[in-house]
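Shown next, in structure tokens, is the structure this report addresses.
Protein chains in written order, with the working numbering: chain A, 1 to 223; chain B, 224 to 396.
This is the structure we're talking about:
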């Protein structure tokens, strides 16, 4: 390879990398039937420990995804409902006239394999929503969300609602993947029967262990 | 010689890719195209209206070059209410290329109220954070500096854009 070809290659690399690095996550506006892309950025609570996380969740289950769909959903609680629930607390009712907005959620139906907290039992289904998805020409992108995959088993820390699917407490600390224990190659070494729990989000600094789930379950049984 | 050139290409590529990842942690790939940012006039109970107005002032007085102004016909809206989700606030940005065309910010009383020991400060912290998304700032930047964009900030006390945030916004305008 001569010097000229290498230089051309170098310049091409710079151009391609710059184009990729600077491109937006959305398509640029194009005439008439241009798709509408909305990018959602959330500010949500961060928890200092598994104990704080489990205390806040009203439902903690292990399960797997059996169905996923996108759905337009207006998740605002009507003013009258909110007022009834919080009659004595004026801080919880901002007043005014909150404007209506149909969001696109990805809704997963989870088959519960084990329940650690809340009213669900093994075999039941629970719907869990994640902000983001596409319906027709409109797409809401939420880069924070982790995709739930049907082949995996998860532990989910959830908040449930009366008339809308449940939500994960946040997208960093509330979703864990159950992995089967690694097989030992050492002759004579006993194969561990325990599963391993890893966070679905590598940014998560909390570590969830089977013992934690057992403790949460025991607490639940006491109540 | 040939090997040196090839090594240079590989090194450059690695630096370029790694660099863009770090950049994305602090900045979004889009922001409002002008320094004056109109917001449609809103009207809420005083416990919410006062800190919401203060949030605009917190940015306007920060020296970040940007000014949020209230007008009656802006496509950029703010809604405070009770929502069935776990976020304190959400910024929905309609984007064309690297420009924000319009945005809608939601403040969620259902999550803010139970966690607030100082409601006014908490509302400001969430609203100032969400406004930050409209001026290029990304969530939870990788930094040891205090930031209004950090998920783990104390929302009951941090109400202002921090030096780190201000410098980042200034670098974009």
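Don't be surprised by glycine CBs; every beta carbon is placed ideally from N, CA and C.
None of these values were measured; they are calculated from a predicted model.
A distance below 6 angstroms between beta-carbons, with the five flanking residues on each side excluded, links residue 340 of chain B to the following residues of its chain, in chain order: 379. At a cut-off of 9 angstroms between beta-carbon atoms, residue 396 of chain B makes no contact with chain A. Every unbroken stretch of the beta strand (DSSP E) spanning 3 or more residues and falling wholly within the region 30-80 of chain A is given here in chain order: 36-43, 59-73. Cβ contact annotation for residue 165 of chain A (same chain, cutoff 7 angstroms, sequence separation greater than five): 107, 127, 128, 129, in chain order. Take the alpha-carbon of residue 109 of chain A and the one of residue 92 of chain A: they are about 31 angstroms apart. Rounded to the nearest angstrom, the Cβ distance from residue 291 of chain B to residue 283 of chain B is 6 angstroms, consistent with a contact under 8 angstroms.
The C-beta of residue 194 of chain A comes no closer than 9 angstroms to any C-beta of chain B. The CB of residue 312 of chain B comes closer than 8 angstroms to the CB of 42, 43 in chain A, given here in chain order. In the three-state reduction of the DSSP assignment, residue 222 of chain A falls in the helix class. The alpha-carbon of residue 249 of chain B is positioned some 6 angstroms away from that of residue 360 of chain B. With contacts defined by Cβ atoms closer than 9 angstroms, residue 281 of chain B and residue 347 of chain B form a contacting pair. Under the three-pair Cβ rule at 8 angstroms, the region 113-123 of chain A does not count as touching the region 309-322 of chain B. About 5 angstroms separates the CB atoms of residue 264 of chain B and residue 293 of chain B; that is less than 8 angstroms, so the two are in contact.
Taking a cut-off of 8 angstroms for Cβ pairs, the region 362-369 of chain B and the region 298-306 of chain B do not touch, as fewer than three such pairs fall below it. Burial state of residue 356 of chain B is buried, judged by a 10 Å Cβ sphere holding 16 or more other Cβ atoms. Taking 7 angstroms as the cut-off between beta carbons, the residues of the region 261-281 of chain B near chain A are 265, 266, 267, 268, 270, 271, in sequence order. Between the region 331-339 of chain B and the region 115-125 of chain A there are fewer than three inter-stretch CB-CB distances shorter than 8 angstroms, so the stretches are not counted as touching.
For a cut-off of 8 angstroms, the C-beta gap from residue 102 of chain A to residue 73 of chain A is around 7 angstroms, short enough to register as a contact.
One Cα belongs to residue 78 of chain A, the other to residue 104 of chain A, and the distance between them is close to 19 angstroms. In this structure, residue 134 of chain A lies away from residue 57 of chain A, with their beta-carbon atoms at least 9 angstroms apart.
Contacts with chain B at 9 angstroms (Cβ-Cβ) include residue 96 of chain A. One thing to note: residue 60 of chain A has its Cβ no nearer than 9 angstroms to the Cβ of residue 143 of chain A. For residue 333 of chain B, the enclosing alpha helix (DSSP H) begins and ends at 332-338.
Nearest to residue 159 of chain A by C-alpha distance, out of B/333, B/262, B/315, is B/333. The three-state reading of DSSP puts residue 272 of chain B in helix, counting H, G and I together.
Listed along the chain, the chain A residues whose CB falls inside 8 angstroms of the CB of residue 344 of chain B amount to none; the nearest CB is some 13 angstroms away.
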